[in-house]
Every structure is written in structure tokens, then in C-alpha cells.
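Engineer: Submitted below is the structure of interest, expressed as C-alpha cells.
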Amino acid sequence: MVARRLPTSSNVRWNFHSRAINTVFEQRDDLIQCFENIRDSGDFDSNTIREAGAMAMLLEHQDFKFFLELFHHIMPLVDLLYAKLQKKNIDAVHIKRSIQQFEQDIQNIRNSLHSMSEQSSDSLTAKRRRVLSSEDRQSAAEEICNTILRHTRERFNFTDHLVCATLLQGDRFEEHHGSFPEEVLQSTLKAYPMLNGSKLKTELSLIYSKAEFRACCGAVDLFQLFMENNLQDVFSETVTLLRILITTPMTTAGAERMQVVQLSVLFLVQTHFCWGQYTMVTPSQVVMAPVGSDITLPCQVEPAADLREQVVEWARLDLTPPYVHIRRDGLDLLMNQNPLYLARTALSESRLQKGDLSLSLSRVKLSDEGTYRCCMPRTNTEAQVTLRVAVKRQGNPQHEGRTLRLVPDTPPEVRAAGRAFNTVCAELIKRDIRFRMAYPAILSFKANGGQKPFKDPNKAEAFLSSLT
Numbered sequence: 001m002v003a004r005r006l007p008t009s010s011n012v013r014w015n016f017h018s019r020a021i022n023t024v025f026e027q028r029d030d031l032i033q034c035f036e037n038i039r040d041s042g043d044f045d046s047n048t049i050r051e052a053g054a055m056a057m058l059l060e061h062q063d064f065k066f067f068l069e070l071f072h073h074i075m076p077l078v079d080l081l082y083a084k085l086q087k088k089n090i091d092a093v094h095i096k097r098s099i100q101q102f103e104q105d106i107q108n109i110r111n112s113l114h115s116m117s118e119q120s121s122d123s124l125t126a127k128r129r130r131v132l133s134s135e136d137r138q139s140a141a142e143e144i145c146n147t148i149l150r151h152t153r154e155r156f157n158f159t160d161h162l163v164c165a166t167l168l169q170g171d172r173f174e175e176h177h178g179s180f181p182e183e184v185l186q187s188t189l190k191a192y193p194m195l196n197g198s199k200l201k202t203e204l205s206l207i208y209s210k211a212e213f214r215a216c217c218g219a220v221d222l223f224q225l226f227m228e229n230n231l232q233d234v235f236s237e238t239v240t241l242l243r244i245l246i247t248t249p250m251t252t253a254g255a256e257r258m259q260v261v262q263l264s265v266l267f268l269v270q271t272h273f274c275w276g277q278y279t280m281v282t283p284s285q286v287v288m289a290p291v292g293s294d295i296t297l298p299c300q301v302e303p304a305a306d307l308r309e310q311v312v313e314w315a316r317l318d319l320t321p322p323y324v325h326i327r328r329d330g331l332d333l334l335m336n337q338n339p340l341y342l343a344r345t346a347l348s349e350s351r352l353q354k355g356d357l358s359l360s361l362s363r364v365k366l367s368d369e370g371t372y373r374c375c376m377p378r379t380n381t382e383a384q385v386t387l388r389v390a391v392k393r394q395g396n397p398q399h400e401g402r403t404l405r406l407v408p409d410t411p412p413e414v415r416a417a418g419r420a421f422n423t424v425c426a427e428l429i430k431r432d433i434r435f436r437m438a439y440p441a442i443l444s445f446k447a448n449g450g451q452k453p454f455k456d457p458n459k460a461e462a463f464l465s466s467l468t
């Protein structure tokens with residue numbers, strides 16, 4: 001098989017089916033009767049009788065009935081959103097409309113929880129075992145709905161990348177040749193700003209016009225065609241886009257697209273019972289790193305456990321999209337990653353096996369400074385690490401003898417410290433971007449003239465550090 005073609009990605013093998021939830025809900029009374037017949041007939045072995053009795057008790061439990069009804073209402077909405085996102089002619093407007101409808105439907109379920117809880121309470125009998133109170137059930141159900149809404153907003157707040165693959169669908173090349181998909185191209189450039197837009201458009205126009213390219217049935221076939229004919233330099237921007245799409249474990253119209261939605265819903269049950277299973281440990285102090293260095297943002301769980309199959313998310317909530325690095329099902333997901341961190345982050349397989357979630361970040365930039373959130377959604381566990389980026393300061397002899405003059409509108413506390421300041425290298429200030437951004441209009445330089453120089457250069461450096 002591999003000799004003839006690369007195997008396509010397989011569907012995710014879920015350990016559930018929404019149809020099972022609906023069947024149990026609709027046939028609950030018949031299932032109870034079946035298990036009771038097994039338990040009372042005496043025709044089965046003791047293990048079967050014991051298991052049948054336990055299943056009958058579970059089906060009659062008020063908490064089980066309440067949450068079964070809740071997910072009976074939720075799962076059809078997930079299936080509907082799944083079906084909408086399977087269309088090959090997907091576009092940003094379609095995605096936005098579908099997600100908004102899904103959020104509205106979940107909100108409607110949340111608003112109806114009070115009546116559901118009251119109906120469940122009315123059906124309680126005196127012989128019931130210990131159950132959650134009506135308020136506790138409603139609170140847990142609200143938490144489930146809120147978590148679904150939060151995950152949906154977080155995971156779909158950046159959707160431009162979902163339409164990128166339509167640029168390279170072979171069955172749409174003829175259509176694109178007649179009418180170039182300019183809006184899709186702009187969405188692609190927004191998702192991946194490192195691409196050269198004009199060159200990519202030229203390459204795509206040529207691809208759409210040639211019959212031999214239309215025979216390619218997908219991104220992998222097109223990529224193989226470029227590689228086999230040594231066209232990677234000619235179609236450099238297209239090859240870059242193909243590499244991104246191919247290495248992302250989610251096909252354009254495949255079942256994996258819905259993974260982010262269904263995982264959000266299904267993991268809620270696990271979260272409810274595994275709350276607090278892990279505790280994340282991160283340093284209390286700020287992590288310092290110079291520009292251009294390779295660093296590690298430390299984070300590990302206690303007790304130590306094998307986390308290779310866990311969902312791990314590193315994010316900065318001040319960015320859009322917020323994701324710095326995502327690992328799911330043992331794979332690194334590139335499609336949701338913020339382009340600022342492309343090819344600069346990594347999680348170690350060997351460390352994950354020991355419970356270490358530390359993120360490796362290479363070629364540190366000034367823009368990397370901020371607060372990072374490490375999260376394991378399945379266990380609802382998260383922690384934060386703050387990174388401070390330092391600019392390498394180097395003196396320059398040709399600028400020695402210059403002083404910093406603070407004009408009258410300088411803040412008083414800065415002006416007071418400035419009177420003790422002397423001989424600061426002009427090149428040093430020029431390189432300190434954050435300093436210039438903080439005080440853009442109040443600083444000026446002049447040749448050394450009149451101000452008494454600082455005798456201790458360490459104090460000058462300390463003053464500069466206090467400003468930045």
C-alpha cells in the first residue's frame with residue numbers, strides 16, 4: 001500500500017457513540033426489566049446475576065437519569081455541528097454561523113436546567129440511595145454547559161485556517177481557475193503571515209490552469225508530484241503551505257475535524273470524576289531569558305504520571321489565537337498554533353512519560369514575554385509561568401561620554417532618580433525597545449555637557465533596569 005500511495009488518515013476511534021446515549025435514554029425501562037429478569041430468573045451464574053443487579057440499580061439511580069437526559073439533549077447538537085463541518089465547500093461564514101447556532105442551543109439547554117432538576121426531584125422515592133441534591137445536580141449541569149461553551153469559544157476563536165485546505169482541493173481547481181478564491185487566500189495569509197502572498201497567488205493561478213495538477217486528489221498527491229519532479233523551488237510557497245496542511249493531523253473534511261468539539265463534550269464526564277487528580281507545579285519566580293536563547297518553561301505534575309496520551313495545551317491568553325503549543329493523541333497540532341511560535345516549541349516525549357510538561361522554546365524573541373498557561377483539559381488542571389525577556393546590553397566606546405537628559409514633563413519619581421544618573425550609552429538606550437516604548441516623548445540625548453557623571457557604573461545599570 002505504501003509503495004503505491006501514502007495511507008490516508010484514519011477516523012478517530014471513539015470509545016462512545018451518541019447513538020448509545022439516545023438508545024439507553026429511550027429504552028431505559030426495557031433495559032431495567034431485562035436486567036431484573038436476569039437477576040431474578042436463577043438461570044445465570046452468580047457473576048452475571050450480580051452485574052445485572054448493579055446495572056439495574058444504576059439505571060434507576062436519580063443522578064444517572066438526570067445526566068443521561070442532559071447528554072441526550074446535548075449529543076444531537078454535537079452530531080449536527082459535526083455534520084455541518086463535514087462539507088467540502090466550507091467557508092468562514094458557514095463556520096461562524098454553525099458555531100453561533102451551536103452555542104445558542106447549548107445556552108438554551110443551560111437555561112432549562114432548573115425545570116429538568118425539579119422534574120428529577122419530583123420522581124424521588126423514599127427508598128432511593130444517597131443522591132445529589134437538586135441544587136448540586138443543577139450546579140454540575142451548569143458547569144458542563146459552561147465548559148462546553150468555553151471550549152467552543154476558545155477552540156474556534158481562530159477559524160481562518162479551516163478554509164486553507166480548500167485552496168489545494170484538486171476537485172475544485174477548475175472552479176478556482178474560473179474564479180480565483182481571493183477571500184480564501186486572504187484568510188490563509190491571515191492564518192499564516194509568513195507566506196509570501198503575491199508569490200503564492202501566482203503559483204496557485206498556475207496550478208489551477210494546468211490539467212495535470214487537477215488529477216491530484218489531495219494535498220499529499222500534490223506534494224508528491226512537486227517532490228518527484230523537483231518543483232519545490234518553483235512552487236516554494238505552495239510547498240510550504242502543503243507541509244503545514246499535511247503535518248496537521250486533521251483532514252479538510254475528515255472525521256478528525258470534529259475532534260475538538262467531541263473531545264470537549266466527552267471529557268466533561270471524566271473531568272467531573274477526576275477533578276484534582278493532578279496538581280501542577282511551576283516556579284513561583286519569573287523565568288528570565290535573553291533574546292535569542294533557547295529556554296524551557298518548567299511545569300510538572302504531582303504525583304508523577306505518564307502524560308503521553310494526555311491533552312496538553314500551552315497558551316498565552318493575550319494572543320489571538322492563544323495557543324503556543326498543543327499536543328493531542330500523541331501528536332503536535334500545528335493548525336491552531338499561533339504563527340509567532342511556528343517551529344519554535346516542543347514537548348519532550350521522555351519528559352511527558354515522567355509527568356514533566358515543560359515547554360521548550362527556541363530563539364527567544366522580545367514578543368515572547370508574557371504569562372503562559374499550561375493546561376490539561378481532561379483533568380481541568382492548569383498553572384501559569386511568567387517569562388521575562390532581557391535585551392542583551394553591550395557598551396560601545398564611541399558613545400561613551402554621552403548623558404541622558406530628562407525633559408520637564410518626566411514623571412517626578414523618574415526625574416528624581418535621573419538626577420543621579422550619568423554616562424548612559426546612547427546605543428544602549430537605542431536598543432532597549434521597551435524603554436523607548438515606555439517613555440517615547442520624554443527622553444533626549446546630547447553630548448556630555450554640564451551634568452556630573454555617575455562615579456559608580458553599576459548604579460547607572462541598576463537605574464536603567466528599574467525603568468525597563
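Under full-length UniProt numbering, think of the first position of the sequence shown as 1, with each following residue one higher. Don't be surprised by glycine CBs; every beta carbon is placed ideally from N, CA and C.
1) How about T152 and E103: do their beta carbons lie closer than 8 Å?
2) Nearest by alpha-carbon distance to N196: which of D79, Q27, I49 and V239 is it?
3) Rounded to whole angstroms, what's the CA-CA distance from Q33 to Q384? Just pull it up for me.
4) Quick one: grab the DSSP three-state call for E369.
5) By alpha-carbon positions, which one of E142, K65 and H177 ends up nearest to I21?
6) Whole angstroms are fine: how far does the CA of H73 sit from the CA of I109?
7) For chain C, is any of its Cβ atoms less than 8 Å away from the one on A191?
8) Tell me whether R363 is buried or exposed, calling it buried when 16 or more other Cβ atoms sit within 10 Å of its Cβ.
9) When burial is assigned at 16 or more other CB atoms within 10 Å of the CB, is residue 494 buried or exposed?
10) Are at least three pairs of beta-carbons, each pair with one atom in the region 345-356 and one in the region 365-374, less than 8 Å apart?
11) Tell me the DSSP secondary structure of P290 in three-state form.
12) Please state the DSSP three-state secondary structure of E309.
13) What first and last residue would you give for the beta strand (DSSP E) that runs through H325?
14) I need the DSSP call for Q285, collapsed to helix, strand or coil.
15) Report yes if the CB atom of F71 is closer than 8 Å to the CB atom of M55, and no otherwise.
16) Leaving out five residues on either side along the sequence, give the residues of the same chain with a beta carbon under 8 Å from the beta carbon of D105.
17) Less than 8 Å between the C-beta atoms of L245 and A165, yes or no?
18) Within its chain, find whatever has a CB closer than 8 Å to the CB of R19; leave out the 5 residues flanking it on each side and keep chain order.
19) With which residues is E382 paired in a DSSP beta bridge?
20) Which residues does DSSP list as the beta-bridge partners of R110?
Structural biologist: Once the coordinates are examined:
1) Counting from 1 along the sequence shown, the entry for residue 152 is found at position 152. Counting from 1 along the sequence shown, the entry for residue 103 is found at position 103. Yes, Cβ-Cβ distance for T152 and E103 is below 8 Å.
2) Here residue 196 refers to the residue found at position 196 of the sequence shown. The candidate whose alpha carbon is nearest that of N196 is V239.
3) Here residue 33 refers to the residue found at position 33 of the sequence shown. Here residue 384 refers to the residue found at position 384 of the sequence shown. When rounded, the distance between both Cα atoms is 51 Å.
4) In the sequence shown, the residue the question calls residue 369 occupies position 369. Note: E369 maps to coil in three-state DSSP.
5) Within the sequence shown, residue 21 is the residue found at index 21, counting from 1. Looking at the Cα atoms, K65 is the closest of the given residues.
6) Here residue 109 corresponds to residue number 109 of the sequence shown, with the count starting at 1. Here residue 73 corresponds to residue number 73 of the sequence shown, with the count starting at 1. The alpha-carbon atoms of I109 and H73 are separated by roughly 8 Å.
7) Of the protein chains in this structure there is only one, and it is not chain C.
8) Walking along the sequence shown from the start, residue 363 turns up at place 363. Its Cβ having fewer than 16 others within 10 Å, R363 is exposed.
9) Past the boundaries of the shown model lies residue 494; the chain is included only from 1 to 468, so the question cannot be answered.
10) no
11) Here residue 290 refers to the residue found at position 290 of the sequence shown. Strand.
12) Within the sequence shown, the letter at position 309 stands for residue 309. In the structure shown, the three-state DSSP call for E309 is coil.
13) Stepping through the sequence shown from its first residue, residue 325 is reached at position 325. Counting along the chain, the beta strand (DSSP E) containing H325 begins and ends at Y323 to R328.
14) Reading the sequence shown from its first residue, position 285 is the one you call residue 285. In this structure, Q285 counts as coil in the three-state DSSP scheme.
15) Here residue 71 is taken as the residue at index 71 of the sequence shown, counted from 1. Here residue 55 is taken as the residue at index 55 of the sequence shown, counted from 1. Their beta carbons are not under 8 Å apart, which means F71 does not touch M55 by this criterion.
16) The count along the sequence shown starts at 1 and reaches residue 105 at position 105. Same-chain partners within the cutoff: L77.
17) For the purposes of this step, residue 245 is taken as residue 245 along the sequence shown, with counting starting at 1. For the purposes of this step, residue 165 is taken as residue 165 along the sequence shown, with counting starting at 1. Taking 8 Å as the Cβ cut-off, L245 and A165 qualify as a contacting pair.
18) In the sequence shown, counting from the first residue as 1, residue 19 sits at position 19. Cβ within range, chain order: n/a, list empty.
19) Position 382 of the sequence shown, counting from 1, holds the residue named residue 382. C375, per the DSSP bridge assignment.
20) Translated into the one-based positions of the sequence shown, residue 110 becomes position 110. Bridge partners of R110: none, in fact.
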